[in-house]
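Each residue of the sequence shown is one higher than the last, beginning at 1 in the UniProt record's numbering. Below: one structure, written as structure tokens.
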Amino acid sequence: MEQEFDDNVYETDRIIDEDMLEMGDFVSEMSDIEGYLISEEEEMVMRAESVSLDFPMQLDIRVLESGEIKIGSSPPLYYVDTTIMPVFHQMKLNITVDTQ
């Protein structure tokens, strides 16, 4: 039985996985930190000057026929223990508030 392979590596009618955001949107959402934490119950305000985030993420990489590369990303979508776990990429963001 002969196995067939698709030589076309370009995806013309598909975009990133619907459960993921485009990479730019993902980073923007993860770094949307105003710098102020307000507790109305305790009547206090705390100001964050810097935040460090280090987290696993999944990637969905698509190459369009035009040569354009689309990268989708999300936190891990599935938490199922299996013999071989999926490969997660790691992203680290260091955010510092510009006070000027």
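By construction, the Cβ of each residue, glycine as well, lies at the ideal position given by its N, Cα and C atoms.
Simplified DSSP assignment, three categories, for residue i
i          : result
residue 72 : strand
residue 55 : strand
residue 29 : helix
Which residues DSSP lists as bridging residue i, in chain order
i          : result
residue 60 : 72
residue 91 : 55
residue 46 : 37
residue 22 : 72
residue 96 : 50
8 Å contact criterion, which residue i and residue j should meet: CB distance rounded
i          : j          : result
residue 95 : residue 51 : 5 Å
residue 72 : residue 54 : Residue 72 to residue 54, Cβ: 20 Å. No contact.
Residue i versus residue j - alpha carbon distance
i          : j          : result
residue 57 : residue 74 : 6 Å
residue 49 : residue 90 : 23 Å
residue 27 : residue 21 : 9 Å
residue 81 : residue 87 : 13 Å
residue 78 : residue 65 : 30 Å
residue 38 : residue 76 : 29 Å
residue 93 : residue 24 : 13 Å
residue 19 : residue 67 : 23 Å
residue 31 : residue 84 : 31 Å
Cβ-based neighbour list, residue i, same chain, cut-off 7 Å, excluding 5 preceding and 5 following
i          : result
residue 33 : 48, 51 and 95
Same chain only: Cβ atoms within 8 Å of residue i, ignoring 5 sequence neighbours per side
i          : result
residue 36 : 45, 46, 47 and 48
residue 98 : none
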